[in-house]
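At position 8 of the sequence shown the residue is numbered 334 (our numbering), and the sequence of numbers has no breaks. We put the beta carbon where it would ideally sit given N, CA and C, even for glycine.
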Amino acid sequence: MTTTVASRHDRPGPGTTRKTGRPGAQRNPRRSGRRLRHVSLPYLLLLPALVLELLVHLVPMLMGIVMSFKELTQFYISNWSEAPWAGLDNFRMAVDFNAPVGEALLKSFLTTCLFTVCSVGLCWLIGTAAAIFLQEKFRGRGLLRTLFLVPYALPVYAAVITWVFMFQRDNGLVNHVLHDQLGIGDDPAFWLVGDNAFWALLTVSVWKGWPFAFLTLMAGLQNIPKDMYEAAALDGAGVWKQIRHITLPSLRPVNQVLVLVLFLWTFNDFNTPFVLFGKAAPESADLISLHIYQSSFQTWNFGTGSAMSVLLLLFLLVVTGVYLLVTGRGGKARA
327 MTTTVASRHD RPGPGTTRKT GRPGAQRNPR RSGRRLRHVS LPYLLLLPAL VLELLVHLVP
387 MLMGIVMSFK ELTQFYISNW SEAPWAGLDN FRMAVDFNAP VGEALLKSFL TTCLFTVCSV
447 GLCWLIGTAA AIFLQEKFRG RGLLRTLFLV PYALPVYAAV ITWVFMFQRD NGLVNHVLHD
507 QLGIGDDPAF WLVGDNAFWA LLTVSVWKGW PFAFLTLMAG LQNIPKDMYE AAALDGAGVW
567 KQIRHITLPS LRPVNQVLVL VLFLWTFNDF NTPFVLFGKA APESADLISL HIYQSSFQTW
627 NFGTGSAMSV LLLLFLLVVT GVYLLVTGRG GKARA
């Protein structure tokens, strides 16, 4: 009887081992393997995307940075690694605003800044108005939402080529409406050359970009509780006060990301001006992305073009960093 009781007291507990009785002296290998797979699974899923990102973006970017320090012209294009080392000469040429190359780059940069501010501002304004308007339920709301997203869903080349035909001077739809129907102007305007090219490019950019702002803001409006609007209405707040004090402050986190994305997309936009004007854009619509293309592939001076691309990359990195710093501090201060 005594032996039986003693043997019961000597049995190890559920958290101890048979040999030492200390907890955790041995680990279950199956449990350790499951933990390892659980920790490494996210990295394994991200690995294909990281490899593709490395091949598609990072490697060409590093090659472009190296090419910016070389005197790379058409004579060395077959083997660019043998091009003479130019040091910072390409960058000095690009930022020498008294010389023709630097002066043209500065004009293109200022034109791109003006174009980006106008395009992003109009895209945000139209997208916000449309998203707020379509929050209330009414007959035909689904159809309008679908129609508003059509410009965003269309392929860029197909959409811009359509606008090219619409901007034709003699038989284009724009001149037909403005000149023939409304009687604006003595003669049909040239929209793809001269100063009007800027407004044609801005029109296409806003038409193509505002549905993305509308889609993003419409998703952000879904997270605003309707109780806030009902309480504000009971307190006597009208529609404009509700938008100013409820809608816009609640959409601030969404707008911070949206404005940054629109800025980067618009400032780097190459497809729209290239399809709209071809290889040589008018001076009023000479965006910096197309200007760098012309500096590289029209004059065959790839070293200078690469230096301009690096300067553009540095500018966008600085603007993005400052923007994130300012908006981040603003969010902390409000919190």
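Legend entry - Where the alpha helix (DSSP H) containing P426 begins and where it ends: 426 to 459
Legend entry - Three-state class that DSSP yields for K396 in the structure shown: strand
Legend entry - Residue(s) in a DSSP beta bridge with W411: Answer by DSSP bridge pairing, in chain order: K396.
Legend entry - Option nearest V482 by Cα separation, candidates L586, F600, N549, Q548: F600
Legend entry - Contact check, G453 vs W536, beta carbons under 8 Å: Pairing G453 with W536 gives a Cβ-Cβ distance under 8 Å.
Legend entry - Through-space distance from L470 to L666, alpha-carbon basis: The requested residue 666 does not occur in the structure, where the chain is confined to residues 327 to 661.
Inset, instruction - May I have a chain-ordered list of the alpha helix (DSSP H) segments no shorter than 4 residues that lie completely inside the stretch 511 to 554? - result: 522 to 547
Legend entry - Cβ shell of V427 (< 6 Å), same chain only, five flanking positions each side left out: M419
Inset, instruction - Give a single yes or no on whether F474 has its beta carbon closer than 7 Å to a heavy atom of the ligand NAP. - result: The ligand NAP is absent from the structure shown, which contains no ligands of any kind.
Legend entry - CB of F628 within 8 Å of CB of M393, strictly: yes
Inset, instruction - With DSSP collapsed to three states, give me the class of G350. - result: For G350, the pLDDT reaches just 48, beneath the cut-off of 50, and the residue's location in the model is therefore unreliable, although a value from the coordinates is still provided. G350 falls in the coil class under three-state DSSP.
Legend entry - Inter-residue spacing [alpha-carbon to alpha-carbon] between A485 and Q494: 15 Å
Legend entry - Minimum C-alpha distance to T529 - residue among Q400, W626, V446, S407: V446
Legend entry - A479 to D415 span [Cα, whole Å]: 44 Å
Legend entry - Reference I569, options I403, Y369, Q461, L384, closest by Cα: Minimum Cα distance to I569 is reached at Q461.
Inset, instruction - Could you tell me how far apart the beta carbons of F593 and T437 are, in whole angstroms, since I believe they sit closer than 8 Å? - result: The Cβ separation is near 11 Å, so there is no contact.
Legend entry - Cβ-based burial, L713 [other Cβ within 10 Å; buried from 16]: Residue 713 is absent from the model: the chain starts at 327 and stops at 661.
Inset, instruction - Can you give me the Cβ contacts of Y555 inside the same chain, cut-off strictly under 8 Å, excluding the 5 residues immediately before and after it? - result: Excluding residues within five positions, the ones whose Cβ falls inside 8 Å are Q568, I572.
Inset, instruction - Mark K463 as exposed unless 16 or more other C-beta atoms lie within 10 angstroms of its C-beta, in which case mark it buried. - result: exposed
Inset, instruction - For G647, count neighbouring C-beta atoms within 10 Å of its own C-beta (all shown protein chains included) and say buried if the count is 16 or more, exposed if not. - result: By the Cβ neighbour-count rule, G647 is exposed, with fewer than 16 other Cβ atoms within 10 Å of its own.
Legend entry - Whether N501 touches P514 by CB criterion (8 Å): Closer than 8 Å, so yes.
Inset, instruction - Confirm, please, whether the CB-CB distance from Q400 to W626 is below 8 Å. - result: yes
Inset, instruction - Pick helix, strand or coil for R465, following the three-state DSSP scheme. - result: In the structure shown, R465 sits in coil (DSSP, three-state: anything other than H, G, I, E or B).
Inset, instruction - Give the straight-line distance between the Cα atoms of L640 and A633, rounded to the nearest whole angstrom. - result: 11 Å
Legend entry - Local conformation of W406 per DSSP, three classes: helix
Legend entry - S434 to A559 span [Cα, whole Å]: 49 Å
Inset, instruction - Return the chain-ordered list of same chain residues with a C-beta closer than 6 Å to the C-beta of L499, the five sequence neighbours on each side being excluded. - result: M492
Inset, instruction - Decide if Y619 is buried, meaning its Cβ has at least 16 other Cβ atoms within 10 Å, or exposed. - result: buried
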